[in-house]
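Participant:
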Amino acid sequence: GNSVTQMEGPVTLSEEAFLTINCTYTATGYPSLFWYVQYPGEGLQLLLKATKADDKGSNKGFEATYRKETTSFHLEKGSVQVSDSAVYFCASDSGGGADGLTFGKGTHLIIQP
Amino acid sequence: NAGVTQTPKFRVLKTGQSMTLLCAQDMNHEYMYWYRQDPGMGLRLIHYSVGEGTTAKGEVPDGYNVSRLKKQNFLLGLESAAPSQTSVYFCASSYSKKASSGRDTQYFGPGTRLTVL
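Residue numbers (our numbering), protein chains in the order written: chain A, 3 to 115; chain B, 346 to 462.
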């Protein structure tokens, strides 16, 4: 079956620092890849996604590129803000069939002023 | 548009009790999902549905049952709750499963925090 591995936190950065959260996946077929964000006490919100190799997803200053050769989908942001503090989940679908998403364990990001 | 709503937000059960969690969506989505979130485990799929009247098992279905009698509702039932079912439960829905349609994004509800004593 599919699996998603992401760096475990917490990750603590200062405001305006550069952010990278690593994510790698294993899957059969050609999955779509996603980054979701969860703010305290809330459900998950889609941050960005990519549906095929070399696609770049972007939103709110965050970016991630679908790298099939390294089976990776690392999340990056050039200058983080305190408001980016949240838990970030990398996820993949199966590439076929309606069997939901496979999530990584989540990375807790803490941005200090 | 309320999106995806879940009822209740919090619940405490004793071992052996039963309960039903309700998920409702007003986006006319075909697909609906139930996940559980446990510390250090990410989200894991319990059951899902590809349309009214259909259900299927996910990764961790044991101890749960589901029903999709109406397109907008997806119910998750615990017949005899166990402490191992203490978790946060999330419902999600999507138009489609196919990435090529551009409508495969899953929208999540706010979650139900369940404690089984």
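Here a beta-carbon is modelled for each residue, glycine too, at the ideal position from N, C-alpha and C.
#1: Judging by CA-CA distance, which residue of Thr109/A, Leu103/A, Val6/A is the nearest neighbour of Thr450/B?
#2: Quick one: grab the DSSP three-state call for Val433/B.
#3: Counting Cβ pairs closer than 8 Å, one from the region 78 to 90 of chain A and one from the region 25 to 39 of chain A, do we hit at least three?
#4: Can you pull the chain B residues whose beta carbon is under 7 Å from the beta carbon of Phe20/A, in chain order?
#5: Under the assumption that Gln114/A contacts Ser16/A (Cβ atoms under 8 Å), give the Cβ distance between them as a whole number of angstroms.
#6: For Ala369/B, count neighbouring C-beta atoms within 10 Å of its own C-beta (all shown protein chains included) and say buried if the count is 16 or more, exposed if not.
#7: Apart from the five residues on each side of it in sequence, which residues of its chain come closer than 7 Å, Cβ to Cβ, to Gln8/A?
#8: Pull up the CB-CB distance for Glu44/A and Pro455/B, whole angstroms please, since I reckon it's below 8 Å.
#9: Assuming the contact rule is C-beta atoms closer than 8 Å, Ser439/B and Tyr380/B should be a hit. Round their C-beta distance to whole Å, please.
#10: Give the residues of chain A in contact with Leu358/B, contact being defined as C-beta atoms less than 8 Å apart.
#11: Could you give the DSSP three-state label for Asp94/A: helix, strand or coil?
Facilitator: This is what the structure holds:
#1: Leu103/A
#2: Residue state, collapsed to three classes: strand.
#3: Cβ pair count under 8 Å is three or more, so yes.
#4: Here the premise fails: no neighbours, minimum Cβ distance about 25 Å.
#5: 6 Å
#6: Result: buried.
#7: Ile23, Asn24, Cys25, Cys92, Gly106, Lys107, Thr109
#8: Confirmed, about 6 Å.
#9: In fact, because the Cβ distance is near 13 Å, the residues do not count as touching under 8 Å.
#10: The premise fails here: Leu358/B is roughly 21 Å from chain A at the closest Cβ pair, so nothing lies under 8 Å.
#11: Reading off the sequence, residue 94/A comes out as Ser, not Asp. Looking at Ser94/A - three-state DSSP - the assignment turns out to be strand.
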